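Only one structure is covered here, and it is reproduced in the block below.
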Amino acid sequence: MKRIAIDMDEVVADFNLKHLHVFNRDYNDNVTLDDLMGCHLRDLRPHLIQEIRSYLDDPTFFRDLDVMKDSQEVIRALSEHYEIFITTAAMEVPASFTAKYEWLKEHFGFLDEMNFVFCGDKSIIQADYLIDDNARHFKRFSGQGILFTSPHNVNETGYVRVNSWLEVRDYFLR
Ligand SMILES: [Mg+2]
127 MKRIAIDMDE VVADFNLKHL HVFNRDYNDN VTLDDLMGCH LRDLRPHLIQ EIRSYLDDPT
187 FFRDLDVMKD SQEVIRALSE HYEIFITTAA MEVPASFTAK YEWLKEHFGF LDEMNFVFCG
247 DKSIIQADYL IDDNARHFKR FSGQGILFTS PHNVNETGYV RVNSWLEVRD YFLR
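Counting in this note's numbering, the sequence shown runs from 127 upward without gaps.
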């Protein structure tokens, strides 16, 4: 079986939705997903860069993120034809480990937990495909990178791009 490595945040877990919600609530702001096209929240509100980052130090932040639409059904279908690994650069947010693990067990419990990979530099990942919203992970990845559309990456070109999990399904199971 060929291997597909799949990122968590903004690919299977809806990071932006919660991050924007808590930020707008706490700072009485009204930033929308449309505002994030081609940038990050920290770029829009640079004077609050520490505050924006500090949400990720909350050990519970990642525990209740919404599941990205259709990701469970598509990954379940893909797992019959491919070896699936969830690969998250969790070292960037060490406080998140337990929440991310529990979240995966709750929403992707049909995968073997031995296929959950909490890493730093993803170039260590040996897989045929990597589905990720951060193109920087493709630079030293030996397989095929597949860019999952997220507001911040809409202007990235030069990569295979998928806009939804239904497009992922069509790419692999056509
Ligand atoms: Mg991501």
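Beta carbons: idealized from backbone N, C-alpha and C, even for Gly. Note that the structure is a prediction, hence the values are computed from the model and not measured.
Beta-carbon proximity of residue i to residue j, cut-off 9 Å
i, j, result
"His263", "Asp160", "no"
"Phe242", "Ile212", "yes"
"Asp296", "Arg266", "no"
"Ala216", "Phe223", "yes"
"Asp152", "Glu177", "yes"
"Gly271", "Leu256", "yes"
"Leu146", "Leu174", "no"
"Asn281", "Gly164", "yes"
"Phe234", "Ile201", "yes"
Same chain, Cβ closer than 6 Å to residue i, neighbours up to 5 away in sequence not counted
i, result
"Val138", "Met194, Ser197"
"Ser276", "Glu136, Asp259"
"Asp183", "Ala221"
DSSP-derived helix/strand/coil call for residue i
i, result
"Glu209", "strand"
"Ile251", "coil"
"Leu159", "coil"
"Ala139", "strand"
"Val280", "coil"
"Ile128", "Just to set this straight, residue 128 is Lys in the shown sequence, not Ile. Three-state result, Lys128: strand."
"Phe236", "coil"
"Arg171", "coil"
"Phe267", "coil"
"Thr224", "helix"
"Val219", "coil"
"Arg300", "coil"
Supposed close pair residue i, residue j - CB separation, criterion 8 Å
i, j, result
"Leu204", "Phe298", "6 Å"
"Glu209", "Arg300", "In fact, because the Cβ distance is near 19 Å, the residues do not count as touching under 8 Å."
Cut-off 8 Å between Cβ atoms - residues of its own chain near residue i, not counting five sequence neighbours on either side
i, result
"Lys144", "Phe187, Asp190, Leu191, Asp192"
"Leu181", "Reading the sequence as shown, one finds Tyr at residue 181 and not Leu. Counting only Cβ-Cβ distances below 8 Å, and skipping sequence neighbours, we find His145, Val148, Phe149, Phe187."
"Asp140", "Leu191, Asp192, Val193, Met194"
Proximal residues to residue i (C-beta, below 7 Å), its chain only, five neighbours per side dropped
i, result
"Leu228", "Looking at the sequence shown, residue 228 is not Leu but Glu. Counting only Cβ-Cβ distances below 7 Å, and skipping sequence neighbours, we find Arg189."
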